[in-house]
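Chemist: Below is a structure I'd like to ask you about.
Protein chains: 2
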Amino acid sequence: MIANPDSNTEQAILEAAEKLFLEKGFALTSTTEIARVAGCNQALVHYYFRTKDNLFNSVFEKKVRLFATGLLQVHQPGISFEQKLKQMIEAHFDMLRANPGLPFLVFNELLTNPERLKKLKGNMLDLPKLVFFPLKAELEAEIAKGNIRQMTIYDLIISVVSLNVMLFIASPILKILAELSDGEILKLVENRKQENVIIILKSIKPTI
Amino acid sequence: MIANPDSNTEQAILEAAEKLFLEKGFALTSTTEIARVAGCNQALVHYYFRTKDNLFNSVFEKKVRLFATGLLQVHQPGISFEQKLKQMIEAHFDMLRANPGLPFLVFNELLTNPERLKKLKGNMLDLPKLVFFPLKAELEAEIAKGNIRQMTIYDLIISVVSLNVMLFIASPILKILAELSDGEILKLVENRKQENVIIILKSIKPTI
DNA sequence: TTTGCATTTAATAGATCTATTAAACTAAGC
DNA sequence: GCTTAGTTTAATAGATCTATTAAATGCAAA
Chain A
2 MIANPDSNTE
12 QAILEAAEKL
22 FLEKGFALTS
32 TTEIARVAGC
42 NQALVHYYFR
52 TKDNLFNSVF
62 EKKVRLFATG
72 LLQVHQPGIS
82 FEQKLKQMIE
92 AHFDMLRANP
102 GLPFLVFNEL
112 LTNPERLKKL
122 KGNMLDLPKL
132 VFFPLKAELE
142 AEIAKGNIRQ
152 MTIYDLIISV
162 VSLNVMLFIA
172 SPILKILAEL
182 SDGEILKLVE
192 NRKQENVIII
202 LKSIKPTI
Chain B
2 MIANPDSNTE
12 QAILEAAEKL
22 FLEKGFALTS
32 TTEIARVAGC
42 NQALVHYYFR
52 TKDNLFNSVF
62 EKKVRLFATG
72 LLQVHQPGIS
82 FEQKLKQMIE
92 AHFDMLRANP
102 GLPFLVFNEL
112 LTNPERLKKL
122 KGNMLDLPKL
132 VFFPLKAELE
142 AEIAKGNIRQ
152 MTIYDLIISV
162 VSLNVMLFIA
172 SPILKILAEL
182 SDGEILKLVE
192 NRKQENVIII
202 LKSIKPTI
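The listed protein sequences derive, respectively, from chains A and B.
Just remember that the numbering used here sits 1 ahead of the position in the first sequence, which is counted from 1.
Just remember that the numbering used here sits 1 ahead of the position in the second sequence, which is counted from 1.
See the structure below:
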């Protein structure tokens with residue numbers, strides 16, 4: 002029998018692992034539980050991926066890239082820098098809304114597992130340039146024209162990412178503590194999308 | 002022999018636990034390792050705190066309160082709302098800088114352990130009011146006077162906390178990925194303190 | 001039908017972790 | 001000096017987790 006390149010079982014294991022790793026992180030997820038969710042024997046997890054670490058890396062790097070490239074989008078030509086920035090913030094926000102568990106997974110694993118972070122550095126050397134370069138020149142041109150106050154591209158990215166990401170890290174906690182319904186959380190999140198755009202656009206203005 | 006109310010050993014265990022929990026979270030810290038750092042036998046950890054969970058709660062609630070009350074500061078009377086806001090942002094920022102591992106611990110444990118979050122809700126009912134109430138009335142007065150655009154106190158708090166907290170969650174990662182020296186990180190952090198103040202103060206202004 | 005190979009299962013080795021227990025140690029008070 | 005109570009230690013029970021192994025199963029081709 003020829004091996005199915007995308008075996009049903011292998012795919013089920015990957016999906017179960019992704020779900021559980023996103024929910025609880027690496028340390029709190031056991032291969033036994035992955036197998037249970039995937040509907041197979043625990044040894045099968047090791048048959049396909051040999052180690053839990055391999056399995057984790059299979060889902061992790063894809064997720065990190067998703068996380069980082071959320072900022073990088075193709076824009077309509079001819080629109081203003083501010084409009085472009087607004088589109089980027091919204092695209093990043095929408096990516097996070099579609100993957101709300103992503104920031105937690107990425108931060109949790111990179112902070113608790115230093116080797117993972119060092120390994121990542123090698124694989125992701127292209128990303129900063131992909132994300133920063135298209136924006137950097139434009140930002141500096143706008144500053145030179147006096148349309149935007151003095152600031153670096155790093156400051157801008159950090160601010161956007163902070164505002165967008167923290168919302169999705171904190172909202173499960175906010176939901177419980179403030180006793181919000183699902184509907185109320187949805188409304189709050191949608192409102193923060195506009196709020197984050199407003200904050201960034203106002204904050205880059207010159208004068209004072 | 003009379004029990005020392007603040008036994009040397011008990012205190013050493015608490016401090017070791019605090020250090021390790023802050024570094025690696027609950028799941029990745031073992032009582033054996035806590036004992037090693039505290040310089041005592043592993044069974045002593047259980048002698049003093051019975052369970053690992055008890056020990057964790059002993060350090061955790063104190064830390065959550067520290068995290069939440071960072072925003073709550075006594076201000077000089079008679080200064081403007083904007084100056085007061087600036088002081089709050091800076092005080093919150095300074096608290097985080099003095100406890101950089103705090104946000105990770107709080108988010109990590111509250112997100113991976115739902116029972117911890119529910120339990121916390123009971124113990125922290127006073128906090129939202131302590132933090133929000135002093136500001137809420139003033140904010141609404143400023144909005145009525147037309148000094149500040151229409152926004153809620155929750156939006157303001159979320160923005161401040163997002164900008165301040167995310168910096169300290171992300172900076173260990175940023176340090177590795179961008180290959181920054183300790184000095185460069187210090188400089189970046191200090192710069193972000195002013196940047197966050199500027200962002201918030203600009204973002205609350207009326208007029209588009 | 002039989003052979004061969006990928007897949008799946010049950011069983012388990014080996015490591016580690018929490019928590020308990022029983023015994024040893026230490027020093028104050030009678 | 002002996003008793004007593006708090007403190008500390010070594011040993012280990014019991015649970016859980018990763019990873020391996022050997023055997024069983026299913027299916028396609030010969």
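Note that CB positions come from ideal geometry on N, CA and C, so glycine has one too.
Keep in mind it's a predicted model, so treat the numbers as computed, not measured.
Strictly below 7 angstroms CB to CB, what residues from chain A border I170 (chain B)?
Modeler: Neighbours of I170 (chain B) on chain A, chain order: F108.
Chemist: Counting Cβ pairs, one atom from each stretch, are 3 or more of them under 8 angstroms apart for the segment 99-107 of chain A and the segment 23-35 of chain A?
Modeler: Result yes; three or more Cβ-Cβ pairs closer than 8 angstroms.
Chemist: When the Cα atoms are used, what is the spatial distance from D54 (chain B) to V190 (chain B)?
Modeler: Whole-angstrom Cα-Cα distance: 34 angstroms.
Chemist: Distance, Cα to Cα, P1 (chain A) vs T208 (chain A)?
Modeler: This structure does not reach residue 1 (chain A), given that chain A is present from 2 up to 209, and the question cannot be answered.
Chemist: Per DSSP, what kind of secondary structure is Q12 (chain B) in: helix, strand or coil?
Modeler: The answer is helix: DSSP assigns Q12 (chain B) an H, G or I state.
Chemist: Mind pulling the chain A residues with CB within less than 9 angstroms of F105 (chain B)?
Modeler: The contacting residues are F108, N109, L112 and T113.
Chemist: Do L164 (chain B) and S160 (chain A) count as a contact pair if the criterion is CB distance below 8 angstroms?
Modeler: Yes, Cβ-Cβ distance for S160 (chain A) and L164 (chain B) is below 8 angstroms.
Chemist: Quick one: grab the DSSP three-state call for M125 (chain A).
Modeler: Coil.
Chemist: L23 (chain A) CB to nearest chain B CB: under 8 angstroms?
Modeler: No - not a single Cβ of chain B is within 8 angstroms of the one on L23 (chain A).
Chemist: Anything in the segment 116-138 of chain B with a Cβ closer than 8 angstroms to a Cβ of chain A? List those residues in chain order, please.
Modeler: Those would be L118, K119, L121, K122, M125 and P129, in chain order.
Chemist: Between I201 (chain A) and I80 (chain A), which are expected to be in contact by the criterion C-beta below 8 angstroms, what is the C-beta distance as a whole number of angstroms?
Modeler: Wrong, their Cβ atoms sit about 16 angstroms apart, outside the cutoff.
Chemist: Along chain B, in chain order, which residues have C-beta atoms closer than 7 angstroms to that of D156 (chain A)?
Modeler: E196, listed in chain order.
Chemist: Counting Cβ pairs closer than 8 angstroms, one from the segment 50-66 of chain B and one from the segment 123-130 of chain B, do we hit at least three?
Modeler: Yes: the two stretches touch, three or more of their Cβ pairs being nearer than 8 angstroms.
Chemist: Tell me where the alpha helix (DSSP H) around S160 (chain A) begins and ends.
Modeler: Looking at the DSSP string, the run of the alpha helix (DSSP H) that includes S160 (chain A) is I154 to L178.
Chemist: Could you tell me which chain B residues have their CB closer than 7 angstroms to the CB of K203 (chain A), listed as they occur along the chain?
Modeler: Here the neighbours are K203, S204 and K206.
Chemist: What does V166 (chain B) reach in chain A if we use C-beta pairs closer than 7 angstroms?
Modeler: Per Cβ cutoff of 7 angstroms: M167.
Chemist: Roughly how many angstroms lie between the CA atoms of E110 (chain B) and F57 (chain B), to the nearest whole one?
Modeler: Each residue's alpha carbon lies about 10 angstroms from the other.
Chemist: By how many angstroms is the C-alpha of K137 (chain A) removed from the C-alpha of V198 (chain A)?
Modeler: One C-alpha to the other measures close to 19 angstroms.
Chemist: Assuming contact is defined by CB atoms lying nearer than 8 angstroms, are L140 (chain A) and L157 (chain A) in contact in what I supplied?
Modeler: Yes, these two residues count as a Cβ contact at 8 angstroms.
Chemist: Buried or exposed, going by whether 16 or more other CB atoms sit within 10 Å of the CB of E116 (chain A)?
Modeler: By the 10 Å Cβ count, E116 (chain A) comes out exposed.
Chemist: For F27 (chain A), which of helix, strand or coil comes out of DSSP?
Modeler: Three-state result, F27 (chain A): coil.
Chemist: Taking C-beta pairs closer than 7 angstroms, name the residues in chain B that P173 (chain A) reaches, listed in chain order.
Modeler: L112, listed in chain order.
Chemist: Could you name the residues of chain A that I186 (chain B) contacts, counting a contact when the two beta carbons are closer than 7 angstroms?
Modeler: Within chain A, no residue comes near I186 (chain B); the closest Cβ sits about 12 angstroms away, beyond 7 angstroms.
Chemist: For A28 (chain B), return the contacting residues in chain A, with the cut-off set at a CB-CB distance below 7 angstroms.
Modeler: Within chain A, the residues near A28 (chain B) are A28 and L29.
Chemist: Is S59 (chain A) helix, strand or coil when you go by DSSP?
Modeler: Looking at S59 (chain A) - three-state DSSP - the assignment turns out to be helix.
Chemist: On the DSSP letters alone, give me the boundaries of the alpha helix (DSSP H) that G184 (chain A) sits inside.
Modeler: First-last of the alpha helix (DSSP H) with G184 (chain A): D183 to S204.
Chemist: Going along the chain, which residues of its own chain have a beta-carbon closer than 7 angstroms to the beta-carbon of L118 (chain A), five neighbours each way excluded?
Modeler: Counting only Cβ-Cβ distances below 7 angstroms, and skipping sequence neighbours, we find L111.
Chemist: So, is the C-beta of S160 (chain B) closer than 8 angstroms to a C-beta in chain A?
Modeler: Output row for S160 (chain B): interface = yes.
Chemist: Rounded to whole angstroms, what's the CA-CA distance from E19 (chain A) to I35 (chain A)? Just pull it up for me.
Modeler: Cα to Cα, the separation comes out at about 9 angstroms.
Chemist: In its own chain, which residues sit with a C-beta less than 7 angstroms from the C-beta of I144 (chain B), not counting the 5 before and 5 after it?
Modeler: Around I144 (chain B): Q151.
Chemist: Could you give the residue range of the alpha helix (DSSP H) that holds T32 (chain A)?
Modeler: Taken as a continuous stretch (DSSP letters only), the alpha helix (DSSP H) holding T32 (chain A) covers T32 to A39.
Chemist: Residue ranges of each beta strand (DSSP E) run of no fewer than 3 residues wholly in the segment 62-112 of chain B, ordered along the chain?
Modeler: As far as the segment 62-112 of chain B is concerned, it has no whole beta strand (DSSP E) run of at least 3 residues.
Chemist: From this set, A:K194, A:F169, A:K203 and A:Y155, which residue's C-alpha is nearest I186 (chain B)'s C-alpha?
Modeler: Checking every option, the nearest Cα to that of I186 (chain B) belongs to A:Y155.
Chemist: How should A17 (chain A) be labelled, buried or exposed, when 16 other C-beta atoms within 10 angstroms of its C-beta is the threshold for buried?
Modeler: By the 10 Å Cβ count, A17 (chain A) comes out buried.
Chemist: Pick helix, strand or coil for K207 (chain B), following the three-state DSSP scheme.
Modeler: According to the sequence displayed, residue 207 (chain B) carries Pro and not Lys. Coil.
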